[in-house]
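Every letter in the sequence shown is one number past the one before it in UniProt numbering, and letter 40, counting from 1, is 40. Note that the Cβ used here is the ideal one computed from N, Cα and C, for glycine as well. If you're wondering where the values come from, they're calculated on a predicted model, not measured in any experiment. Below: the structure, in structure tokens.
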Amino acid sequence: MEDKRDSNAAKRGAFLVFDGMTLPPFPPLKKNAEERFTAIRDLETRPDDIILTAFPRSGTHWLWEVIHMLLQGKAEYTTAVKETAFLESIPDLNPINEVKSPRLLNTHVPFRWLPKKHLCDDGKIVHVIRNPKDQAVSMYNFMLSFSPNKEMSAAKMSWNVFFEMTMKAPEKFFGGWFAYEKEFEKASKDGTLKAVHTLYYEDLKMNPIKEIRLLAEFLSVDVKDELVQAIADKCTFTKLKKADETLKTKVNADQASHYRKGEVGDWKNYFTVSQNEQFDNLYKREMEDSELKIKFQI
């Protein structure tokens with residue numbers, strides 16, 4: 001029987017490898033990764049579309065709620081589930097054509113695969129960055145939350161094994177945090193990526209009022225102080241987690257929770273001294289020329 005996956009893709013255990021990236025086992029990617037990535041790149045976007053981009057486990061669900069509240073002008077949780085506009089995961093891209101403007105789309109694809117039309121039209125992009133130590137810990141625990149029979153499960157994997165895979169795997173998840181963030185940074189510096197608002201997870205955690213107001217300015221949304229305060233209050237981690245459990249319709253019954261701790265510095269509970277030294281040395285080499293202001297603790 002003919003393999004329906006594209007010829008440039010391969011399997012690594014439960015995961016798909018395409019364009020030098022290890023990818024999650026989303027049905028559209030398992031069926032044909034190249035076809036879906038190309039469809040995203042060629043997506044017919046609208047001038048007022050907003051695309052939320054981030055490396056996995058960097059706070060997109062958090063920002064999804066904040067942006068929706070800003071766009072609707074009230075601090076109420078949206079009934080729209082982020083996964084229904086998750087470009088590499090939804091079964092079919094056509095339904096997003098029925099979404100009223102302004103649309104909020106979201107993706108983890110690297111910069112080179114973002115919709116070309118959106119970039120050419122200087123469409124707005126909100127890019128969220130989280131420090132890679134906490135991101136790795138969040139990813140590990142997210143994978144642990146899946147039942148052992150699921151493809152994304154890390155139920156039989158220790159943190160030490162996961163750390164080694166993160167450090168040394170030839171094809172890293174979505175290309176790896178370093179390559180992913182450096183590609184976005186380069187595009188921003190050379191002018192290829194123009195209408196972008198870069199927001200740090202840690203800054204939003206430390207000063208939500210300031211960061212929400214800056215985000216509103218970027219989105220050209222006129223907000224009063226009372227609304228900014230109300231959004232900051234509604235979007236605390238505890239309240240978001242409760243809303244996710246009680247108000248959201250799960251895309252599938254086995255969907256793992258996207259809210260665990262939401263803390264900055266939780267990596268200290270996982271990284272050994274040796275692992276931290278290894279990672280710091282890698283970070284120094286990889287980010288030597290970067291101007292990103294990453295905070296590993298607050």
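CA-CA distance, residue i and residue j?
{"i": "Leu16", "j": "Ser145", "result": "20 angstroms"}
{"i": "Thr22", "j": "Gly175", "result": "7 angstroms"}
{"i": "Ser89", "j": "Pro27", "result": "7 angstroms"}
{"i": "Glu98", "j": "Phe184", "result": "29 angstroms"}
{"i": "Gln72", "j": "Leu63", "result": "14 angstroms"}
{"i": "Glu288", "j": "Lys182", "result": "11 angstroms"}
{"i": "Ile231", "j": "Val66", "result": "7 angstroms"}
{"i": "Ala195", "j": "Asp122", "result": "5 angstroms"}
{"i": "His118", "j": "Leu43", "result": "8 angstroms"}
{"i": "Asn281", "j": "Val273", "result": "12 angstroms"}
{"i": "Asp233", "j": "Ile209", "result": "9 angstroms"}
{"i": "Thr238", "j": "Ser158", "result": "27 angstroms"}
{"i": "Lys186", "j": "Ser290", "result": "9 angstroms"}
{"i": "Lys284", "j": "Gln278", "result": "10 angstroms"}
Considering only their Cβ atoms, is the gap separating residue j from residue i smaller than 9 angstroms?
{"i": "Pro115", "j": "Ile51", "result": "yes"}
{"i": "Val264", "j": "His197", "result": "no"}
{"i": "Leu105", "j": "Ala216", "result": "no"}
{"i": "Asn131", "j": "Trp267", "result": "yes"}
{"i": "Leu204", "j": "Ala75", "result": "no"}
{"i": "Lys82", "j": "Thr60", "result": "yes"}
{"i": "Val128", "j": "Thr192", "result": "no"}
Which same chain residues end up closer than 8 angstroms to residue i when comparing Cβ atoms and leaving out the 5 residues on each side of it in sequence?
{"i": "Gly20", "result": "Glu171 and Gly175"}
{"i": "Phe218", "result": "Lys124, Val126 and His197"}
{"i": "Ser101", "result": "Arg46, Asp48 and Asp49"}
{"i": "Lys293", "result": "Tyr200"}
Tell me the DSSP secondary structure of residue i in three-state form.
{"i": "Ala169", "result": "coil"}
{"i": "Ala54", "result": "strand"}
{"i": "Thr22", "result": "strand"}
{"i": "Leu114", "result": "coil"}
{"i": "Lys124", "result": "strand"}
{"i": "Ile129", "result": "strand"}
{"i": "Val99", "result": "coil"}
{"i": "Phe279", "result": "helix"}
Given residue i, which residues of its chain have a CB within under 7 angstroms of its CB, disregarding the five upstream and five downstream residues?
{"i": "Leu29", "result": "Leu16, Leu23, Arg36 and Glu88"}
{"i": "Pro56", "result": "His108, Met139, Phe173 and Phe174"}
{"i": "Tyr180", "result": "Phe55, Pro110 and Phe174"}
{"i": "Ile40", "result": "Leu87, Glu88, Thr107, Val109, Trp113 and Pro115"}
{"i": "Thr84", "result": "Ile90"}
{"i": "Lys133", "result": "Trp267, Phe271, Phe279 and Phe296"}
{"i": "Glu211", "result": "Leu199, Asp203 and Leu204"}
For residue i, I'd like the list of residues in its chain whose CB is within less than 6 angstroms of its CB, leaving aside the five on either flank, ordered along the chain.
{"i": "Glu202", "result": "Val264, Lys295 and Ile298"}
{"i": "Phe163", "result": "Gln275"}
{"i": "Arg213", "result": "Val228"}
{"i": "Ala136", "result": "Thr166"}
{"i": "His68", "result": "Thr78"}
{"i": "Phe178", "result": "Glu286"}
{"i": "Ala169", "result": "none"}
{"i": "Cys235", "result": "Glu65 and Val66"}
- Evaluate contact between the region 219-230 and the region 129-146, counting only Cβ atoms and requiring at least three cross-stretch pairs below 8 angstroms. By the C-beta criterion, the region 219-230 is judged not to be in contact with the region 129-146, since fewer than 3 inter-stretch pairs fall below 8 angstroms.
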